[in-house]
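In mature numbering (1 follows the signal peptide of the UniProt record, and there is no 0), the protein residues as written are -24 to -1, 1 to 86. Glycine included, C-beta positions come from ideal geometry on N, C-alpha and C. Since this is a predicted model, take the numbers as computed values, not measurements.
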Amino acid sequence: MQRIGLILSGAGAALLLGAGLAQADAIDGKWCRKDGRRMEIDGTRIITPGGADMTGDYSRHAFRYLVPEKEEHGGTRRFLRLRGENWVYAYPADQPGADPEIWERCTPVS
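#1: Starting from the C-beta of residue 82, find all residues in its chain whose C-beta is less than 7 angstroms away, skip the five residues before and the five after it, and write them out in chain order.
#2: Determine the DSSP secondary structure at residue 32, reduced to helix, strand or coil.
#3: Find the nearest neighbour of residue 23 within the set 40, 74, 63, judged by alpha-carbon distance.
#4: Excluding sequence positions up to five away, which residues of its chain have a Cβ less than 6 angstroms from the Cβ of residue -14?
#5: Any chance you could list the beta strand (DSSP E) runs of at least 3 consecutive residues sitting entirely within the stretch 10 to 86, in chain order?
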């Protein structure tokens, strides 16, 4: 009986760990820049660095949206691509070979 409990506990831990890893392998989350700017992506929803709450084109590892006029790069399309678990590269959508603006996954505030 004790052995069954250990097996079930291990299986539960593996499921929880796997769920966390799967989420980290997606562009969803809170992203930060060293200059203090922040953005958040949750599926097709984005809160832009300027604070606009809007939708865009989402895939698990990429996001594209039209930047609001009053924000930096306003009126242009931005393309965001996940690079590893902790970085997003942002480009003008019409220049995917341009030097990227690098965003880091925000660290939790204690």
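In terms of the structure at hand:
#1: Here the question's residue 82 lines up with position 106 in the sequence shown. Contacts found: 6, 7, 8, 14.
#2: Stepping through the sequence shown from its first residue, residue 32 is reached at position 56. In the structure shown, residue 32 sits in coil (DSSP, three-state: anything other than H, G, I, E or B).
#3: Your numbering for residue 23 matches position 47 in the sequence shown. For residue 23, the nearest C-alpha among the options comes from 40.
#4: The sequence position of residue -14 within the sequence shown is 11, counting from 1. With a pLDDT of only 46 at residue -14, under the threshold of 50, the placement of this residue in the model should not be trusted; the figure read from the coordinates follows. So the list is empty, once near-sequence residues are dropped.
#5: Runs of the beta strand (DSSP E) inside the stretch 10 to 86: 14 to 18, 21 to 23, 29 to 31, 33 to 35, 38 to 42, 53 to 59, 63 to 68, 77 to 81.
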